[in-house]
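Trainee:
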Amino acid sequence: MNTKKISIAIIFLVLPIFFYGCASSPDTAGKQENDPFESFNRQIYSFNEGADEYVIGPIAHGYRYIFPDQVRDSIRNFLLNLKTPMSAINATLQGDFERGVTAVGRFGINSTIGLLGFFDIANYIGLEPVDEDFGQTLGAWGIEPGPYLILPILGPTSTRDLGGKVGDWLVDPVGLYLIREDYEDFLLATKVTKALDTRVELDGVIEGTRENSLDPYAIMRTMYLQRRARLIANEESEDTSIYDIDIDVMLLE
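Below, the structure is given as structure tokens:
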């Protein structure tokens, strides 16, 4: 890991503390959901909406057109499998040793019999998916979300989850291995593919919110914060956040 990457990681680890300390004058509209930077966040949200409408959305639609549902399902399984070792670490750090062992078992089975994870064989034998991150770990340790933030292109997060993303980047066994072996381009490609796949899955929700909501920003904020709270509580849910995209993409640049 070179000096540039370490410096970027330190900056992003410090940012949550800085933002939390600056959150002394919250806007009235976002006070209940801890959105002290609402005015600034809305500007970034508008930028992201334009980028999605004219760039990201069309690319995601092209991705959906090129790859049929079954192929995208296999790609999604592969991407989840790459994240499974990190999920095992986070589940263990949260004290959930059963899910930690399950994640290790899933990775072993799907990486071999499941052909690198393209086929979720582990699920067929009762080992359900484990998807944990360090932001969830921090939440399980009792750390509050902190102020809500909208990042350019990457979308919604919180100061806690922003620090959690950096934590994941620093301890992810698969990511660290690929960086050490000089496969950063492949790692970046997986992050971009995950982002496109997420955008495809949420196409109906995004379009519906744009057309039917009087305040799409507030809807997205509520969706993100509620979903993160459910994930920390390990409550099952079918929905997902609109822009649940890893910040690892920026850290690799």
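Count along the sequence shown from 1, add 410, and you get the number used in my numbering.
Ideal placement from N, C-alpha and C gives every residue a C-beta, glycine not left out.
(1) Return the chain-ordered list of same chain residues with a C-beta closer than 8 Å to the C-beta of residue 632, the five sequence neighbours on each side being excluded.
(2) Take every Cβ of the region 472–488, pair it with every Cβ of the region 508–517, and state whether three or more of those distances are shorter than 8 Å.
(3) May I ask which residues mark the beginning and end of the alpha helix (DSSP H) holding residue 521?
(4) Alpha carbon to alpha carbon, what distance is there between residue 606 and residue 535?
(5) Relative to the alpha-carbon of residue 611, which residue among 553, 643 and 486 has its alpha-carbon at the smallest distance?
(6) According to DSSP, is residue 565 helix, strand or coil?
(7) Measure the Cβ-Cβ separation of residue 498 and residue 465 and say whether it is below 8 Å.
(8) Would you list the one or two residues that DSSP bridges to residue 558?
(9) So the candidates are 586, 565 and 608; which of them puts its Cα closest to the Cα of residue 630?
(10) Would DSSP call residue 528 helix, strand or coil?
(11) Helix, strand or coil: which one does DSSP assign to residue 579?
(12) Taking just the CA atoms, how far does residue 557 sit from residue 445?
(13) Quick check: what's the CA-CA separation for residue 562 versus residue 582?
(14) On the DSSP letters alone, give me the boundaries of the alpha helix (DSSP H) that residue 623 sits inside.
(15) When DSSP labels each residue in this structure, what does residue 593 get in the three-state scheme?
(16) On the DSSP letters alone, give me the boundaries of the alpha helix (DSSP H) that residue 451 sits inside.
Mentor: Concretely, from the data shown:
(1) Result list for residue 632: 443, in chain order.
(2) no
(3) 507–522
(4) 29 Å
(5) 486
(6) strand
(7) Taking 8 Å as the Cβ cut-off, residue 498 and residue 465 do not qualify as a contacting pair.
(8) Note: residue 558 sits in a beta bridge opposite 568.
(9) 565
(10) Coil at residue 528, not helix or strand.
(11) Three-state DSSP puts residue 579 in a helix.
(12) 6 Å
(13) 24 Å
(14) It is not in any alpha helix (DSSP H) - residue 623 carries neither H nor E in the DSSP assignment.
(15) coil
(16) 448–461
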